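*Asks:*
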Amino acid sequence: GDFQLSGATGNFLLATSGGKKLDSQGNEVDAAPMLAPAPIAGQTSTNITPITTLVAFKPTLKEKLAQYGDWNADIASSTGVNGNLLRIAKIAESLSSAVSGGTSPLVTDFEGNLKSLGQLANQLNSTSEDLSDPTVLKSVSSTALSAILNDPEIVQTTVSADKKASLISSMEQAVEGIAQAIPADQIVVEDSETLAAVETVLEQANIDQTIQIKVTLGGSSSLQWAPVIRQIRMELSGSELTLTPSVDDDDTTTLTYAWTMTSGSLSISSPQQFKASISGFDESEITVSLGITDSSGSSDTASCTWQTNPTTCTFVE
Numbered sequence: 014g015d016f017q018l019s020g021a022t023g024n025f026l027l028a029t030s031g032g033k034k035l036d037s038q039g040n041e042v043d044a045a046p047m048l049a050p051a052p053i054a055g056q057t058s059t060n061i062t063p064i065t066t067l068v069a070f071k072p073t074l075k076e077k078l079a080q081y082g083d084w085n086a087d088i089a090s091s092t093g094v095n096g097n098l099l100r101i102a103k104i105a106e107s108l109s110s111a112v113s114g115g116t117s118p119l120v121t122d123f124e125g126n127l128k129s130l131g132q133l134a135n136q137l138n139s140t141s142e143d144l145s146d147p148t149v150l151k152s153v154s155s156t157a158l159s160a161i162l163n164d165p166e167i168v169q170t171t172v173s174a175d176k177k178a179s180l181i182s183s184m185e186q187a188v189e190g191i192a193q194a195i196p197a198d199q200i201v202v203e204d205s206e207t208l209a210a211v212e213t214v215l216e217q218a219n220i221d222q223t224i225q226i227k228v229t230l231g232g233s234s235s236l237q238w239a240p241v242i243r244q245i246r247m248e249l250s251g252s253e254l255t256l257t258p259s260v261d262d263d264d265t266t267t268l269t270y271a272w273t274m275t276s277g278s279l280s281i282s283s284p285q286q287f288k289a290s291i292s293g294f295d296e297s298e299i300t301v302s303l304g305i306t307d308s309s310g311s312s313d314t315a316s317c318t319w320q321t322n323p324t325t326c327t328f329v330e
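Heads up, the sequence shown is in my numbering, so the first residue is 14 and it goes up one at a time.
1. Near Ile224, which residues of its chain fall below 7 Å by C-beta distance, leaving aside the five closest residues on each side in sequence?
2. Is there contact here, the stretch 128-146 with the stretch 73-91, by at least three beta-carbon pairs under 8 Å?
3. What are the boundary residues of the beta strand (DSSP E) that includes Ser259?
4. Use the C-beta contact count for Asn126: other C-beta atoms within 10 angstroms, 16 or more gives buried, fewer gives exposed.
5. On the DSSP letters alone, give me the boundaries of the alpha helix (DSSP H) that Glu216 sits inside.
6. Looking at the structure shown, is Gly96 part of a helix, part of a strand, or coil, going by DSSP?
7. Around the Cβ of Thr65, are there at least 16 other Cβ atoms within 10 angstroms (buried) or fewer (exposed)?
8. Report buried or exposed for Pro196, applying the criterion of at least 16 other Cβ atoms within 10 angstroms of its Cβ.
9. Who are the near neighbours of Ser312 in its chain, counting only those whose CB is closer than 7 Å to its CB and skipping five residues on each side?
10. Whole angstroms is fine: what's the gap from Val94's alpha carbon to Ser107's?
11. When you compare only the Cα positions, how much space is there between Ser37 and Thr207?
12. Cβ of Thr300 within 9 Å of Cβ of Thr318?
13. Quick one: Cα of Glu212 to Cα of Ser308, how far?
14. For Asn97, which option in Gly310, Leu256, Leu150 has the closest C-alpha, if you only look at C-alpha atoms?
15. By how many angstroms is the C-alpha of Pro258 removed from the C-alpha of Asn40?
16. In chain order, what residues of the same chain have a beta carbon less than 6 Å from the beta carbon of Ile291, not counting five sequence neighbours either side?
17. Tell me which same chain residues have a C-beta within less than 6 Å of the C-beta of Phe294, skipping the five on either side of it?
18. Classify Gln80 as helix, strand or coil using the three-state DSSP reduction.
19. One question on the structure: do Gly190 and Leu162 come within less than 9 Å of each other, judged by their Cβ atoms?
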């Protein structure tokens, strides 16, 4: 569907949950949760797709995917999309189905399903090989699925070795079939024929396409995100250096802060506050570090080295 947001500014992510998509027969089926980076200044529209979800987890994927086309494209556009991008989108959907589909899904919550796609983003980002190669896609996908199955924060039940092997084999079969159904070197329209071909592949690979995601908000099962330091800004006024971070968390009011620095001759004022400062700074070489921790014990750290006034270190766009 189409939605309009007004007055949205700052660092944020767009997220969807509980949506529907159409299968090859025109029937509505549950869609996996997805993310998208915040639009940049001047951007009037954006899309939320499996591809943008991967980019939201690993912004550096933008450059890698750009060689195949626009990572922010509408993959369901009637004018079509690059086959390589559509392949990756369908592989991401298949991975979600592998862990969240069927009558006994391994992952049943919103956060866990998104984290599973984060693992795929990590693997796609870390490989130096050509993502248009089906063999590379199969290897990346199976490695991501293996990491998911062995991550207790995503899959909180014990999975037998046989079950893991079966799931990984099914995923590899699905990737091979998707690569055959979607040509890499063409603009492909995600029409009923393409959808039917992919659905047949997933059925043969025993991957259930029905995503079963349970979103629980409130109480002891409230949705929690690990904190993220997006940016550190250092700005000098006179001889006072102000340290200001940009952070994300499901509840930023619970975050604790710990500022440190390399210089032994200076000290940080309010090192346990969101914003800190250093007095008597003479623009000498200095590196400041910030650690943040949320109420669940999840944490993130980042460091920034002074260069010019102001200095801004961006870690996540």
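Heads up, the beta-carbon is just placed ideally off N, CA and C, and yes, glycines get one too.
Here the structure is a predicted model, which means the values were calculated and not measured.
*Replies:* Looking at the atomic coordinates:
1. Here residue 224 refers to the residue found at position 211 of the sequence shown. With a pLDDT of only 41 at Ile224, under 50, the local geometry of the prediction cannot be trusted, and no value is derived from it.
2. Yes, the stretch 128-146 touches the stretch 73-91.
3. Here residue 259 refers to the residue found at position 246 of the sequence shown. Counting along the chain, Ser259 sits inside the beta strand (DSSP E) bounded by residues 253-261.
4. For the purposes of this step, residue 126 is identified with residue 113 of the sequence shown, where counting begins at 1. It counts as buried.
5. As a position in the sequence shown, residue 216 is number 203, starting the count at 1. Residues 205-217.
6. Locating residue 96 in the sequence shown gives position 83, counting from the first residue. If DSSP states are grouped into helix, strand and coil, Gly96 belongs with the helices.
7. Reading the sequence shown from its first residue, position 52 is the one you call residue 65. By the neighbour-count rule (16 or more Cβ atoms within 10 Å), Thr65 is buried.
8. Mapped onto the sequence shown, residue 196 falls at position 183. Pro196 should be labelled exposed.
9. As a working note, residue 312 is residue 299 in the sequence shown. Result list for Ser312: Pro240, Gly304, Ile305, Thr306, in chain order.
10. What you label residue 94 is simply residue 81 of the sequence shown in a count that begins at 1. What you label residue 107 is simply residue 94 of the sequence shown in a count that begins at 1. C-alpha of Val94 to C-alpha of Ser107: approximately 18 Å in a straight line.
11. For the purposes of this step, residue 37 is taken as the residue at position 24 of the sequence shown. For the purposes of this step, residue 207 is taken as the residue at position 194 of the sequence shown. Rounded to whole angstroms, the gap between the alpha carbons of Ser37 and Thr207 is 8 Å.
12. Here residue 300 corresponds to residue number 287 of the sequence shown, with the count starting at 1. Here residue 318 corresponds to residue number 305 of the sequence shown, with the count starting at 1. Yes, these two residues count as a Cβ contact at 9 Å.
13. Along the sequence shown, read from residue 1 onward, the residue named residue 212 stands at position 199. Along the sequence shown, read from residue 1 onward, the residue named residue 308 stands at position 295. Cα to Cα, Glu212 sits roughly 42 Å from Ser308.
14. Here residue 97 is taken as the residue at index 84 of the sequence shown, counted from 1. Closest by alpha carbon: Leu150.
15. By one-based count along the sequence shown, residue 40 stands at place 27. By one-based count along the sequence shown, residue 258 stands at place 245. If you take the alpha carbons of Asn40 and Pro258, they lie about 46 Å apart.
16. For the purposes of this step, residue 291 is taken as residue 278 along the sequence shown, with counting starting at 1. The residues are Leu254, Leu279, Ile281.
17. As a first step, residue 294 must be located in the sequence shown, where it is residue number 281. The residues are Ser252, Leu254.
18. The residue labelled residue 80 in the question sits at position 67 within the sequence shown. For Gln80, the three-state secondary structure derived from DSSP is coil.
19. For the purposes of this step, residue 190 is identified with residue 177 of the sequence shown, where counting begins at 1. For the purposes of this step, residue 162 is identified with residue 149 of the sequence shown, where counting begins at 1. For Gly190 and Leu162, no; Cβs fall outside 9 Å.
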